[in-house]
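*Asks:*
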Amino acid sequence: MAAMPEGDTVAWTAAKLHRAFAGQVLTRSDLRWPSLATVDLTSASTIEVTALGKHLLHRLDSGLTLHSHLRMDGTWRVRPPHEPISRHHLIRAVLGTARATAVGRSLGMLDLVPTSQEHTLVGHLGPDILDRAWGTGPVVDRIAADSRPLAQTLLDQRVLAGLGTFWVSEALYAEQLHPWRPGSALVPDHLGQVLDWARRRMRVSARTGIQTATGHNQGGALGAVHARSGRPCRRCAQGVRVALVGAAPQERTIFYCPSCQGGLAPGDDGRPQAPLGARRRRSPGH
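Just add 16 to wherever you are in the sequence shown, counting from 1, and you've got our numbering.
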């Protein structure tokens, strides 16, 4: 199971686009999005490309910002200049300069707004966990006043921006906290440790482009619990599990170890869970 792009992945993408486009005049503009299909951004220059939580903001000297969100599968890839780009239906945006081409594929959102109106798209977000001016205190206070399951609160982008199921699962496992315990039941110092643990590792990932909670960079070793349901816990050797947190239709999957993190999730009956990707055995005669 691939993790949804989280704040660190988006920050790494923004830095890559910024290096390629900052100060450069756009010579190619192909926005394959219904509301933007007739828009031509050529002749504008890029001021900067930056990230806010899981949102990308491509600011132009024309006073406009191209906003995108990667959602589950979106990517921005930087290619050589003038490279032919197919008409594949998943390609939603193509931008180019004399030195690079960027291709936005499977984007979840694409908007064009005056830079002065960016708040209409991202004004609802809480503090970005990767912001240089990050301060733990105000966010901890909000979490400590929240009676929802801790994992649900941490995933709420209105509380803090940037965390997704990968980092929430990994941080709560590292701090041995039950994901379904309310944040209001925890001491502020412990909540601060959770955020500091995630921020340190996300900052490394934002620089390297490798999302790893373990320090390893191979697929099967990137997480201690994420995507490891049905497999032994790396700490206690008991089974890692997966369960939903939050109310439909916004529920999200959280991976956890009941032995290390204080018991089963609400509604988890404890039945064996097959490892992700494992094929079910056929019954005799089939």
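Cβ coordinates follow ideal geometry from the N, Cα and C atoms, glycine included.
With DSSP collapsed to three states, give me the class of alanine 109.
*Replies:* Three-state DSSP puts alanine 109 in a strand.
*Asks:* Would you list the one or two residues that DSSP bridges to histidine 140?
*Replies:* In DSSP, histidine 140 forms no bridge with anything.
*Asks:* Which of the three DSSP states, helix, strand or coil, is assigned to arginine 223?
*Replies:* Note: arginine 223 maps to helix in three-state DSSP.
*Asks:* Here's the rule: buried if 16 or more other CB atoms are within 10 angstroms of the residue's CB, otherwise exposed. What is glutamate 267?
*Replies:* Exposed is the call here.
*Asks:* So, helix, strand or coil for leucine 193, using DSSP?
*Replies:* Of the three classes helix, strand and coil, the one that applies to leucine 193 here is coil, per DSSP.
*Asks:* Exposed or buried, which one is alanine 214 when buried takes at least 16 other CB atoms within 10 Å?
*Replies:* Label assigned to alanine 214: buried.
*Asks:* Secondary structure at glycine 39, three-state DSSP: helix, strand or coil?
*Replies:* In this structure, glycine 39 counts as coil in the three-state DSSP scheme.
*Asks:* Around the Cβ of arginine 217, are there at least 16 other Cβ atoms within 10 angstroms (buried) or fewer (exposed)?
*Replies:* Buried, because 16 or more other Cβ atoms sit within 10 Å of the Cβ of arginine 217.
*Asks:* Indicate whether threonine 58 and threonine 43 have their beta-carbon atoms separated by less than 7 Å.
*Replies:* Taking 7 Å as the Cβ cut-off, threonine 58 and threonine 43 qualify as a contacting pair.
*Asks:* What does the Cβ neighbour count give for serine 163, buried or exposed, with the cut at 16 atoms within 10 Å?
*Replies:* Under this definition serine 163 is an exposed residue.
*Asks:* Since threonine 131 and glycine 69 should fall inside the 8 Å C-beta cutoff, what is the C-beta to C-beta distance between them, to a whole number of angstroms?
*Replies:* Not confirmed; about 18 Å, so no contact.
*Asks:* Under the three-state reduction of DSSP, which class applies to proline 291: helix, strand or coil?
*Replies:* Note: proline 291 maps to coil in three-state DSSP.
*Asks:* Alpha carbon to alpha carbon, what distance is there between glutamine 227 and serine 221?
*Replies:* Distance between the alpha carbons of serine 221 and glutamine 227 is about 5 Å.
*Asks:* Buried or exposed for glutamine 7, going by 16 or more other Cβ atoms inside 10 Å?
*Replies:* Because the chain spans 17 through 302 in this model, residue 7 falls outside it and cannot be assessed.
*Asks:* Would you identify the three-state DSSP class for glutamate 64, choosing helix, strand or coil?
*Replies:* DSSP places glutamate 64 in strand when its eight states are reduced to three.
*Asks:* When the distance is taken between beta carbons, is serine 245 closer than 7 Å to valine 258?
*Replies:* Yes, these two residues count as a Cβ contact at 7 Å.
*Asks:* Closest by CA to alanine 67, which one among Pro198, Asp147, Pro50, His135?
*Replies:* Ranking Pro198, Asp147, Pro50, His135 by Cα distance to alanine 67 puts Asp147 first.
*Asks:* In chain order, what residues of the same chain have a beta carbon less than 7 Å from the beta carbon of glutamate 186, not counting five sequence neighbours either side?
*Replies:* So the qualifying residues of the chain are Ala229, Gly239, Ala240, Val241, His242.
*Asks:* Taking the C-alpha atoms as reference points, what is the distance between valine 41 and glutamine 254?
*Replies:* One C-alpha to the other measures close to 56 Å.
*Asks:* Using the rule of at least 16 other Cβ atoms within 10 Å of the residue's Cβ for burial, across every protein chain shown, is valine 203 buried or exposed?
*Replies:* Classification of valine 203: exposed, given that the 10 Å Cβ count is below 16.
*Asks:* Taking only three categories from DSSP, how would you classify leucine 123?
*Replies:* Leucine 123: coil per DSSP, three-state reduction.
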